[in-house]
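Colleague: Structure incoming, see below.
Residue numbers (the working numbering), protein chains in the order written: chain B, 1 to 151; chain A, 152 to 302.
Dropping the structure here:
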């Protein structure tokens, strides 16, 4: 039986609570700039909620699901849904959440994530200037902001 | 300006990730059985996500929002949206999530919560037998279940 897709607004609500849009900039000597840039979208839940991740995967039509035992930490096992392929991020994940927008504070992270994706799409992550720009975007993502605007 | 309501499917998705349906049974000598029974629906988020709680409150048309400083613990301040009035639970919260169902494992807790609400509606929580029944429902709520079915 095919996995049942979800109402897209449901996905937006679920992701606003549980999803994470992140920009990874890591040292990698293979790159001219010395750094590799990756955009990631993921959702990590306890193992017993695997089915909802399969339905999100079926709805977004991309990504992979991983089992995380956390055995050596003695934690509850988890499952992670992850999209790391740039084409999927750019052509599937971003258009989806532009059509069915996030409504909570995560929409600020998503806006920065989209800016980063545009830079990567234009290959700016392979230049020093583009990398500096991406570093600035990253610094503004997933940061706790007080209602008064202070960090 | 009136607070903008949310798409109901968005609310279902958000609540599947962040909401909590609980049944509180606490010793209280004012009651003949010696115990008070309360049904609660709540969502607790970091303080900077207050707006989404206000929009959920506007969508469900019930409940209150509380500010939690957590000052003495040194934690990040939080906000909590809470519905504890039984009439609101029974006439607003439950019908809403029956119409726009939860899709993740939280739907099991919600089903038990509905069973508990029916018992309370029929005043069974004021009897010893009803209280024992509610205790059994509570024991099955918010419990981590392994995919194999073992607790």
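Beta carbons are placed, not taken as given, at the ideal position from N, Cα and C, and that holds for glycine.
Could you round the C-beta distance between residue 172/A and residue 264/A to whole angstroms and report it? I think they count as a contact, below 8 angstroms.
Modeller: Mapped onto the second chain, residue 172/A falls at position 21. Mapped onto the second chain, residue 264/A falls at position 113. Rounded, the Cβ-Cβ distance is 4 angstroms, consistent with contact.
Colleague: So, for residue 149/B: in the same chain, excluding its five sequence neighbours on each side, which residues have a beta-carbon less than 6 angstroms away from its beta-carbon?
Modeller: Start at 1 with the first residue of the first chain, and residue 149/B comes out as number 149. In this prediction, residue 149/B has a pLDDT of 38, which is less than 50 and means its spatial position is unreliable; what the coordinates show is noted afterwards. Contacts found: none.
Colleague: List the residues of chain B that residue 256/A touches, going by C-beta distances under 7 angstroms, in chain order.
Modeller: Your numbering for residue 256/A matches position 105 in the second chain. Near residue 256/A (Cβ distances below 7 angstroms), the residues of chain B are 48, 49.
Colleague: Using the C-alpha atoms, what's the distance from residue 275/A back to residue 139/B?
Modeller: The sequence position of residue 139/B within the first chain is 139, counting from 1. The sequence position of residue 275/A within the second chain is 124, counting from 1. Cα-Cα distance, rounded: 55 angstroms.
Colleague: Which residues bound the alpha helix (DSSP H) around residue 55/B?
Modeller: Here residue 55/B corresponds to residue number 55 of the first chain, with the count starting at 1. First-last of the alpha helix (DSSP H) with residue 55/B: 50 to 60.
Colleague: Based on DSSP bridge pairs, tell me the residues matched to residue 20/B.
Modeller: Taking the first residue of the first chain as position 1, residue 20/B is located at position 20. 42/B.
Colleague: When the cut-off is 8 angstroms and only beta carbons count, does residue 71/B lie next to chain A?
Modeller: Along the first chain, one-based indexing puts residue 71/B at 71. So, not an interface residue.
Colleague: Rounding to the nearest angstrom, what Cα-Cα distance links residue 283/A and residue 188/A in this structure?
Modeller: On the second chain, residue 283/A is found 132 positions in, with the first residue counted as 1. On the second chain, residue 188/A is found 37 positions in, with the first residue counted as 1. Approximately 11 angstroms between the Cα atoms of the pair.
Colleague: Starting from residue 94/B, follow the beta strand (DSSP E) in both directions and report where the run begins and ends.
Modeller: The residue given as residue 94/B occupies position 94 in the first chain. No beta strand (DSSP E) holds residue 94/B; the alpha helix (DSSP H) holding it covers 94 to 99.
Colleague: In chain B, which residues lie with their C-beta within 7 angstroms of the C-beta of residue 262/A?
Modeller: By one-based count along the second chain, residue 262/A stands at place 111. By Cβ distance, chain B contributes nothing, its closest Cβ being about 15 angstroms from residue 262/A, past 7 angstroms.
Colleague: Going along the chain, which residues of its own chain have a beta-carbon closer than 7 angstroms to the beta-carbon of residue 285/A, five neighbours each way excluded?
Modeller: Start at 1 with the first residue of the second chain, and residue 285/A comes out as number 134. Here the set comprises 174, 176, 188, 267, 270, 276.
Colleague: Does residue 42/B come within less than 8 angstroms of chain A when only Cβ atoms are used?
Modeller: Here residue 42/B is taken as the residue at index 42 of the first chain, counted from 1. So, not an interface residue.
Colleague: Would residue 200/A pass as a contact of residue 121/B if the rule is Cβ separation under 8 angstroms?
Modeller: As a first step, residue 200/A is located in the second chain; it is residue number 49 there, counting from the start. As a first step, residue 121/B is located in the first chain; it is residue number 121 there, counting from the start. No, the pair does not count as a contact, with Cβ atoms beyond the cut-off.
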